Ligand SMILES: Cc1ncc(COP(=O)(O)O)c(C=O)c1O
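Residue numbers (our numbering): 212 to 648.
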């Protein structure tokens, strides 16, 4: 590490830290510069849904790069942008797509579309509700919606929107749910809305918890109840599907598990699947028509939003997802993964829960009085040394690791992943409870 001014220090999560150099990747496999092979058991940060180095996408990158990589969306459209918007509408049932560069930007855009929607229909609503334990992104608006350790960085600059109790049930080690009082949760939502006297514009939620808690699934009736309450109060329901969308949970959108149709949906991660930074906000016709029949203008946007290279990549990623039937593969493969995780949970006392939907799964661990997150970090490191990458939660509330391999993982690769994870958890158990000699 060089520290002199101008010496070009690379800043990573921990200043001065160094990580293995990645050399190449294919399918679920990563290879570092020393030739070590890892199973990408969490698709990076739950991103690489179609696996690494998919030949179709590599070809699409080259083909588009040979034509045009950038024009500004204020001056030109591209066929790739039209195609991707049409494909997304067909796959999700939403009327319109707004392309941005990251999940945080997609959430910020959803915030701004909601504010604009109410201005267009002549109402002044500026307040949002979201959940106490949630992650919606690293920009100020998204952090204001988030109940996550990262929010502290924004301090007083962030609004305190994240006030609803998290609706996630804890589960037993065998995967069965403990009951939650859905009526009480929904009564709490109503109370918050009443307290804001007509000021609530939107309610944000993660259909399945991501980086904050790790793959917690809401109880039956909760999301349906949120939809009903939003309808009764004219509020927009806004799903953050940045992690859960694009087939990750075994449906194209995770809300499809409950038949709930939010007004706005933020997509990210799996849309570019690691091949390019791209994200999108989906609008239903209620919101789109209000804008189209109102001012007809969207005052906003980011320089790289909808650039031809990124939308061409997203078009191909979506093509692969559909042509290879990877949403169904996520549902089927997710059950194999879940069964293996339950077996690991039953073998190790340090595991307190296993849960999730489709290919978005997690193990949660007992923490014997160490810093919160320390056990999950031990599991991550033990797995890493055994050639497996898992994704510890970072909300500051629990010790869990997300297991979310590419949806293309084969059954034998899943068994290899589980074998490595089992040994990693054993390694942590041995470190926490050294044998008495
Ligand atoms: C649910 C959710 N929303 C938003 C984001 C932010 O996305 P990005 O990191 O691409 O800005 C994330 C990232 O982890 C996420 O999991």
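Note that CB positions come from ideal geometry on N, CA and C, so glycine has one too.
Here the structure is a predicted model, which is why all the values come from computation and not from measurement.
Where residue i falls: helix, strand or coil (DSSP)
{"i": "residue 342", "result": "strand"}
{"i": "residue 492", "result": "strand"}
{"i": "residue 279", "result": "coil"}
{"i": "residue 372", "result": "coil"}
{"i": "residue 263", "result": "strand"}
{"i": "residue 535", "result": "coil"}
{"i": "residue 515", "result": "coil"}
{"i": "residue 576", "result": "strand"}
{"i": "residue 227", "result": "coil"}
{"i": "residue 610", "result": "coil"}
{"i": "residue 237", "result": "strand"}
{"i": "residue 615", "result": "coil"}
{"i": "residue 647", "result": "coil"}
{"i": "residue 599", "result": "strand"}
{"i": "residue 623", "result": "helix"}
{"i": "residue 421", "result": "coil"}
{"i": "residue 545", "result": "helix"}
{"i": "residue 551", "result": "helix"}
{"i": "residue 285", "result": "coil"}
{"i": "residue 456", "result": "coil"}
{"i": "residue 540", "result": "helix"}
Host beta strand (DSSP E) of residue i (start-end)
{"i": "residue 249", "result": "248-251"}
{"i": "residue 563", "result": "562-568"}
{"i": "residue 307", "result": "307-311"}
{"i": "residue 476", "result": "475-478"}
Residues near residue i in its chain [Cβ-Cβ closer than 6 Å; skip 5 each side]
{"i": "residue 289", "result": "519"}
{"i": "residue 453", "result": "314, 477, 479, 480"}
{"i": "residue 538", "result": "458, 463"}
{"i": "residue 295", "result": "522, 525, 526"}
Cβ-heavy atom distance, residue i to ligand 1, below 7 Å
{"i": "residue 451", "result": "yes"}
{"i": "residue 426", "result": "no"}
{"i": "residue 623", "result": "no"}
{"i": "residue 347", "result": "yes"}
{"i": "residue 319", "result": "no"}
{"i": "residue 358", "result": "no"}
{"i": "residue 314", "result": "yes"}
{"i": "residue 325", "result": "no"}
{"i": "residue 465", "result": "no"}
{"i": "residue 352", "result": "no"}
{"i": "residue 292", "result": "no"}
{"i": "residue 331", "result": "no"}
{"i": "residue 256", "result": "yes"}
{"i": "residue 454", "result": "yes"}
{"i": "residue 481", "result": "no"}
{"i": "residue 458", "result": "no"}
{"i": "residue 421", "result": "yes"}
{"i": "residue 630", "result": "no"}
{"i": "residue 560", "result": "no"}
{"i": "residue 490", "result": "yes"}
Endpoints, alpha helix (DSSP H) assigned at residue i
{"i": "residue 444", "result": "433-444"}
{"i": "residue 509", "result": "Premise fails: residue 509 is in no alpha helix (DSSP H) and is neither H nor E."}
{"i": "residue 416", "result": "That residue, residue 416, is in no alpha helix (DSSP H); its beta strand (DSSP E) goes 411-416."}
{"i": "residue 404", "result": "393-406"}
{"i": "residue 586", "result": "585-596"}
{"i": "residue 299", "result": "290-303"}
{"i": "residue 467", "result": "Unbroken run through residue 467: none, as it is neither H nor E."}
{"i": "residue 326", "result": "314-331"}
{"i": "residue 244", "result": "Counting along the chain, residue 244 falls outside any alpha helix (DSSP H), and DSSP gives it neither H nor E."}
{"i": "residue 364", "result": "362-365"}
{"i": "residue 254", "result": "254-257"}
Neighbourhood of residue i by C-beta distance below 8 Å, restricted to the same chain and skipping five residues each side
{"i": "residue 243", "result": "231, 232, 233, 234, 249"}
{"i": "residue 585", "result": "578, 610"}
{"i": "residue 359", "result": "344, 345, 346, 422, 423, 605, 606, 607"}
{"i": "residue 213", "result": "Reliability of the predicted coordinates at residue 213 is poor, the pLDDT of 49 falling under 50, and no value is obtained from them."}
{"i": "residue 401", "result": "440"}
{"i": "residue 320", "result": "309, 311, 477, 492, 511"}
{"i": "residue 583", "result": "607, 608, 609, 610"}
Sequence-distant residues of its chain with Cβ nearer than 7 Å to residue i (five each side left out)
{"i": "residue 275", "result": "291, 519, 520, 523"}
{"i": "residue 369", "result": "351, 354, 355, 362"}
{"i": "residue 634", "result": "597"}
{"i": "residue 588", "result": "603"}
{"i": "residue 676", "result": "The structure shown has nothing for residue 676, since the chain only spans 212 to 648."}
{"i": "residue 643", "result": "561, 579"}
DSSP beta-bridge partners of residue i
{"i": "residue 559", "result": "Beta-bridge pairing links residue 559 to no other residue."}
{"i": "residue 349", "result": "Per DSSP, none; premise fails for residue 349."}
{"i": "residue 571", "result": "568"}
{"i": "residue 429", "result": "Answer is none; residue 429 lacks a bridge partner."}
{"i": "residue 449", "result": "415, 475"}
{"i": "residue 481", "result": "According to DSSP, which records beta bridges pairwise, residue 481 is partnered with nothing at all."}
{"i": "residue 358", "result": "345"}
Residue i CB to nearest heavy atom of ligand 2 below 7 Å
{"i": "residue 611", "result": "Annotation note on ligand 2: not contained in the displayed structure, which lists ligand 1 as its ligands."}
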